[in-house]
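No gaps in the numbering here: position 128 of the sequence shown is 139 in the numbering used here, and each next residue is one more. Have a look at the structure below before the remarks.
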Amino acid sequence: MKKWRLDFRIWHWVHAAVVLGLLGTVFLRKTFLSWRTNSELLSQKLGEMNLEVTTEQAKILAKAVRAPMWEWHILLGYALAALLVWRVLLFFTDSGKRNYQKLKEETLHKKIVKVGYVAIYGILIFMAASGLILHFHEALSLTEEGTHTLKELHEFVYNAVLIFVPLHIIGVIIAETREEKGIISEMIHGGER
Ligand code: HEM
Ligand code: HEM
């Protein structure tokens with residue numbers, strides 16, 4: 012029997028791609044497609060063409076340039092929400108449970124790694140729920156203040172995702188080169204139990 016069933020492996024890699032994609036959209040929003048930087052650039056370039064725009068108009072233009080990219084944050088966001096539901100269903104399979112059984116027999120390091128997985132699942136559930144509420148705040152008649160607070164929380168908790176992802180990737184690479192040879196390839200071919 013395989014250690015990681017095919018559906019679990021597909022889930023892991025699609026989920027990894029979606030989370031990396033979400034982080035990618037945030038990176039673009041905060042760098043190359045930042046409305047602050049681009050509105051200044053647009054006003055300057057339009058000025059050179061003798062087209063004067065107000066700060067407010069430049070901001071509208073810069074946000075319009077950013078909008079098609081940010082649609083991906085929402086699309087990937089829906090995908091993340093669906094993947095988390097899928098993960099709950101996977102918990103009823105051997106692969107889905109395998110990291111969370113016989114915890115008492117594990118080393119302290121392994122216990123920490125597994126608690127880390129549970130924590131990241133909790134964090135991602137919060138990100139998906141808060142993200143969906145933010146997206147539908149009007150339909151949900153959320154107050155402006157409530158929306159603002161939730162956005163700040165969504166943005167704050169994002170830091171935890173930003174910390175988990177590189178730690179996880181570096182962690183499995185180190186494990187692969189030391190005491191857990193094959194840990195990464197097993198998540199590809201399934202491994203043998
Ligand atoms: C792209 C590079 C990545 C590699 C090489 C990788 C590799 C692995 C491996 C080998 C495992 C099994 C480790 C174990 O049993 O303790 C694992 C588990 C896991 N990975 Fe990744 N991963 C990557 C990216 C990600 C990303 C971006 C996420 C997003 C949060 C993620 C989330 C998880 C989670 C939550 C588990 C635990 C699965 C469970 O519940 O048993 N991985 N990963
Ligand atoms: C790994 C998961 C996620 C991460 C790391 C993440 C990260 C972020 C960050 C950092 C921001 C603030 C951007 C800024 O103002 O500079 C943001 C905003 C937002 N996110 Fe997410 N997010 C995630 C999941 C989701 C999901 C699942 C949805 C819903 C479909 C979503 C919808 C939104 C919305 C609507 C905003 C507000 C955008 C605005 O004010 O224009 N996010 N997200």
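From the three backbone atoms N, C-alpha and C, an ideal C-beta is built for every residue, glycine too. Source: prediction; values computed, not measured.
Can you name, in chain order, every residue of its own chain whose Cβ lies under 6 Å from the Cβ of E187, other than the five neighbours on each side?
Taking the first residue of the sequence shown as position 1, residue 187 is located at position 176. Excluding residues within five positions, the ones whose Cβ falls inside 6 Å are I194 and I195.
Could you check what DSSP says for K13 in three-state terms: helix, strand or coil?
If you number the sequence shown from 1, residue 13 lands on position 2. Three-state result, K13: strand.
Rounded straight-line distance, which links the Cα of S152 to that of V129
Taking the first residue of the sequence shown as 1, we reach residue 129 at position 118. Taking the first residue of the sequence shown as 1, we reach residue 152 at position 141. Straight-line Cα distance between these residues: approximately 32 Å.
Give me the Cβ distance between L143 and A92, rounded to the nearest whole Å; I'm assuming they're in contact under 8 Å.
For the purposes of this step, residue 143 is identified with residue 132 of the sequence shown, where counting begins at 1. For the purposes of this step, residue 92 is identified with residue 81 of the sequence shown, where counting begins at 1. About 6 Å; that satisfies the 8 Å criterion.
Option in R77, K192 and I136 with minimal Cα separation from H165:
The residue you call residue 165 lines up with position 154 of the sequence shown. Comparing Cα positions, the closest option is I136.
On the DSSP bridge list, what partners appear for E203?
Sequence index remark: in the sequence shown, residue 203 carries index 192 (1-based). Looking at the DSSP output, E203 bridges to K13.
Residues in its own chain within less than 8 Å of M12 by CB, not counting five upstream and five downstream?
The residue labelled residue 12 in the question sits at position 1 within the sequence shown. Contacts found: D105, E203 and R204.
Minimum length 4: unbroken alpha helix (DSSP H) runs contained in the segment 109-190:
Taken in chain order, the unbroken stretches of alpha helix (DSSP H) that lie wholly in the segment 109-190 and span 4 residues or more are 119-146 and 155-188.
Sequence-distant residues of the same chain with beta carbon closer than 8 Å to K14, five excluded per side
The residue given as residue 14 occupies position 3 in the sequence shown. Cβ within range, chain order: S106, R109, E197, G201, G202, E203 and R204.
With distances taken Cα to Cα, identify the nearest neighbour of I134 among K115, V176, H146 and G157.
As a working note, residue 134 is residue 123 in the sequence shown. The option with the nearest alpha carbon to I134 is V176.
Which runs of the beta strand (DSSP E) at least 3 residues long sit entirely within the segment 44-107? Give them in chain order.
Restricted to the segment 44-107, not a single beta strand (DSSP E) segment is unbroken, complete and at least 3 residues in length.
Let me know if G88 comes out buried or exposed under the rule of 16 or more other beta-carbons within 10 Å of its beta-carbon.
Along the sequence shown, read from residue 1 onward, the residue named residue 88 stands at position 77. So G88 ends up on the buried side.
Look up G35 in the DSSP assignment and say whether it is helix, strand or coil.
Counting from one through the sequence shown, the residue named residue 35 turns up at place 24. Secondary structure of G35 (DSSP, three-state): helix.
With distances taken between CB atoms, is the gap from T36 to M80 smaller than 8 Å?
By 1-based counting over the sequence shown, the position of residue 36 is 25. By 1-based counting over the sequence shown, the position of residue 80 is 69. Result yes, Cβ atoms of T36 and M80 sit closer than 8 Å.
Shortest alpha-carbon distance to G127 belongs to which of Q112, L52 and L178?
Taking the sequence shown and counting its residues from 1, one reaches residue 127 at position 116. That would be L178, whose Cα lies nearest to the Cα of G127.
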